[in-house]
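Using this note's numbering, you'd call the opening residue of the sequence shown number 77 and step up by one each time. The beta-carbon is built from N, C-alpha and C at its ideal position, and this holds for glycine as well. What you are looking at is a predicted structure, and each value in this text was computed from that prediction instead of being measured.
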Amino acid sequence: MFEHADAIRNMLRRGTVVEVDDSGGQQRLRVRGLAGEELADILRVQSHGLTSTPMPGAVGIIAALGGRSDRAVLLGLESEAYRPRNLNPGGTAIYDAQGKVLKFVTGRADYDGAGGDWKQRNVQKVQLEAGVEYWIQPAPGASVFLGADPPFYPVVTTAGPSQHVFAAIGPPGPAAPQGVT
């Protein structure tokens with residue numbers, strides 16, 4: 077009935093990442109498809125402004141244009157072992173294979189650093205705004221340091237010197253925020 081039925085039937089199929097080449101302008105992958113099928117130099121399609129390198133074993137869709145494996149692209153890869161689950165409708169998460177997750181869910185943004193560090197660099201100003209409270213909650217025995225260079229001294233409170241908050245004395249800075257809106 078359909079002249080190209082085999083080509084249409086084979087256009088979309090599940091693929092598993094074997095290897096990723098991320099050295100060029102676009103990622104090229106080697107993937108396993110149908111039983112016994114292995115495709116090389118497959119283009120991975122990604123959205124502008126967001127990139128990732130999938131782990132071997134990540135699963136996606138092979139779109140073989142016209143059913144031809146030599147015209148295939150790879151879509152929608154997921155690393156099933158690391159993907160955050162049970163997000164609320166409309167929720168979004170960015171994750172990696174080390175357990176770091178940034179979630180945008182109902183009522184909040186949530187970052188889990190998986191025990192690693194969070195570092196901002198090459199920024200001029202950081203502005204934090206909170207409607208009710210702003211908390212810095214160090215782990216037991218940890219401290220908060222204000223300033224760039226030692227020596228640091230305990231911040232004096234109405235109850236005496238702090239055992240957890242320390243500040244550098246100099247060099248002097250502005251008495252009011254500069255350019256923060």
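About 6 Å separates the CB atoms of residue 115 and residue 145; that is less than 8 Å, so the two are in contact.
Look at residue 238 here: in three-state DSSP terms it is strand.
Residue pairing for residue 97: DSSP places it in a beta bridge opposite 104.
The residues 104, in chain order, have a CB closer than 7 Å to that of residue 117 in the same chain once the five nearest residues on each side in sequence are set aside.
As the crow flies, the alpha-carbon of residue 98 is around 36 Å from that of residue 204. The beta carbons of residue 107 and residue 91 sit closer together than 7 Å.
Counting only runs of at least 3 residues, the stretch 199-254 fully encloses the following beta strand (DSSP E) elements, listed from N- to C-terminal order: 220-222, 228-233 and 236-244. Within the DSSP bridge table, the entry for residue 179 names 169 and 186 as partners. When secondary structure is reduced to three states using DSSP, residue 142 falls in the helix class. Judged by their CB atoms, residue 190 and residue 200 are not nearer to each other than the 7 Å cut-off. Boundaries of the beta strand (DSSP E) around residue 117: 114-120. A distance below 6 Å between beta-carbons, with the five flanking residues on each side excluded, links residue 170 to the following residues of its chain, in chain order: 178.
The three-state reading of DSSP puts residue 147 in helix, counting H, G and I together.
Burial state of residue 140 is buried, judged by a 10 Å Cβ sphere holding 16 or more other Cβ atoms. When beta bridges are read from the DSSP output, residue 191 appears opposite no residue.
The three-state reading of DSSP puts residue 133 in coil, since its state is none of H, G, I, E or B.
In the three-state reduction of the DSSP assignment, residue 88 falls in the strand class, which pools E and B. In this structure the stretch 208-216 does not touch the stretch 226-234; the number of beta carbon pairs closer than 8 Å is below three.
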